[in-house]
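Below you'll find the structure, written out as structure tokens, and then a few comments.
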């Protein structure tokens, strides 16, 4: 933890925010392109799966905008 603390303390707040946004976007990309098609193909509720995914994304955005 000591080395990571030294590294993180040298990064500006703007860079930290951009890196966190990039990590979140990467997670959404992986879930949308890799995991969602697998779930979609094996589920009999295909449209409900996509709807719930979209509700989750919109919900996370609403929480962020409400802060």
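Numbering (my numbering), first residue to last: 5 to 71.
Even for Gly, the Cβ is constructed at its ideal location relative to N, Cα and C.
Three-way DSSP call (helix, strand, coil) for residue i in this model
i	result
residue 49	coil
Opening and closing residue of the alpha helix (DSSP H) in which residue i lies
i	result
residue 73	A question about residue 73 goes unanswered here, because the residues of the chain that appear run from 5 up to 71.
residue 7	6-13
Best match in the options for proximity to residue i [C-alpha to C-alpha]
i	options	result
residue 57	10, 67 and 43	43
Rounded distance between the beta-carbons of residue j and residue i, thought under 8 Å
i	j	result
residue 47	residue 53	5 Å
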